[in-house]
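A.B. asks: Residue numbering for the sequence shown follows our numbering, beginning at 802 and increasing consecutively.
Even glycine gets a Cβ: it sits at the ideal position worked out from N, Cα and C.
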Amino acid sequence: MTELQLLRQRLEALESENAIRRCINRYMDLCDHLDANTPLDELGNLFTTDAVWEGKGARYANSFGGHVGREAIVEMLAKYCVEPAHFSVNVHYLTSEVIVVDGPDSNSASASWNMLQVSTFSSGGSHLNSARLSVTFRNDGDAWRIAHFQTENLFSRPVDHWNSEAHLPVPEQPTGKQS
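Written out as structure tokens, the structure is:
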């Protein structure tokens, strides 16, 4: 294999990783804003037509279950797209990213993230959740899409509220020093 061919493969892998990152980022952004105005067609288009979305482990399997096919996934997510919105605040943070494109000229990849979700419900109350996401992606020719999405709860707990007007403790400036 020539140096140019190796560079091409490396560039394609990097471009695939970035496309996968954009796909999961858009999914999380749309999930952060689930309400009556959520573009469900765009949300569904992030998944392959035969995609699987599933909650793993006792807590998430019972809460979310499993859904097979793009239409079933959109139908499940549409339950959150009501008026008034289910969430008044919902933010997903992804960390510890690993993306592996299965090989040169491959149309599949696997990825994982640790997720932290901060939510306040319109009905009242707030919740902090952490989950391990295991996701496979498939490039169907024009875009990388989610083929299998698994979320497994790591911890979950109610909290009182997220934002407080309490004083934020910061170190004092030493005497005689200007900032």
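Could you pull the DSSP bridge partners for Gln918 from this structure?
C.D. replies: Paired residue(s): His893 and Asn930.
A.B. asks: With respect to the beta strand (DSSP E) encompassing Ser957, which residues constitute its N-terminal and C-terminal limits?
C.D. replies: Trp945 to Val960 is the span of the beta strand (DSSP E), which, as asked, contains Ser957.
A.B. asks: Under the DSSP definition of a beta bridge, which residues are partnered with Ile821?
C.D. replies: Paired residues: none, contrary to the question.
A.B. asks: What first and last residue would you give for the alpha helix (DSSP H) that runs through Val875?
C.D. replies: Here the alpha helix (DSSP H) through Val875 covers Arg871 to Ala879.
A.B. asks: By DSSP, does Asp851 sit in helix, in strand, or in coil?
C.D. replies: In the structure shown, Asp851 sits in a strand (DSSP, three-state: E or B).
A.B. asks: Do Leu934 and Ser913 have their C-beta atoms closer together than 8 Å?
C.D. replies: Yes, the Cβ-Cβ distance between Leu934 and Ser913 is below 8 Å.
A.B. asks: Can you tell me which of the three DSSP states Gly856 falls into?
C.D. replies: Gly856 falls in the strand class under three-state DSSP.
A.B. asks: With a cut-off of 8 Å, does the C-beta of Glu813 fall near any C-beta of chain B?
C.D. replies: The displayed structure is made up of one protein chain only, and chain B is not part of it.
A.B. asks: Should Leu831 and Val875 be called a contact, given that it needs their Cβ atoms to be closer than 8 Å?
C.D. replies: Not closer than 8 Å, so no.
A.B. asks: Span of the alpha helix (DSSP H) holding Asn846?
C.D. replies: Here the alpha helix (DSSP H) through Asn846 covers Leu841 to Asn846.
A.B. asks: Can you tell me which residues form a DSSP beta bridge with Ala910?
C.D. replies: BP columns for Ala910 point to Val902 and Phe938.
A.B. asks: Measure the C-alpha to C-alpha separation of Phe936 and Pro972 and round it to an integer number of angstroms.
C.D. replies: In the sequence under discussion, the amino acid at residue 936 is Val, which differs from the Phe named in the question. Cα to Cα, Val936 sits roughly 42 Å from Pro972.
A.B. asks: Among the residues of its own chain, which have a CB less than 7 Å from the CB of Ile1005, if the five just before and after it don't count?
C.D. replies: Any question about residue 1005 goes unanswered here, given that the chain covers just 802 to 980.
A.B. asks: Let me make sure I understand the geometry here. Which of Ala879, Ser927 and Ser817 has the alpha-carbon closest to that of Ser907?
C.D. replies: For the residues Ala879, Ser927 and Ser817, the minimum Cα distance to Ser907 belongs to Ser817.
A.B. asks: Less than 8 Å between the C-beta atoms of His887 and Ser923, yes or no?
C.D. replies: Going by C-beta atoms, His887 is nearer than 8 Å to Ser923.
A.B. asks: Could you compute how far the alpha carbon of Gly870 sits from the alpha carbon of Glu966?
C.D. replies: Their backbone Cα atoms lie some 45 Å apart in a straight line.
A.B. asks: Identify, in the order they occur along the chain, each residue of the same chain with its Cβ nearer than 8 Å to the Cβ of Thr850, setting aside the five sequence neighbours on each side.
C.D. replies: Cβ neighbours of Thr850 beyond the five flanking positions: Gly870 and Arg871.
A.B. asks: Would you decide whether His962 is buried or exposed? Buried here means 16 or more other CB atoms lie within 10 Å of its CB.
C.D. replies: His962 comes out exposed.
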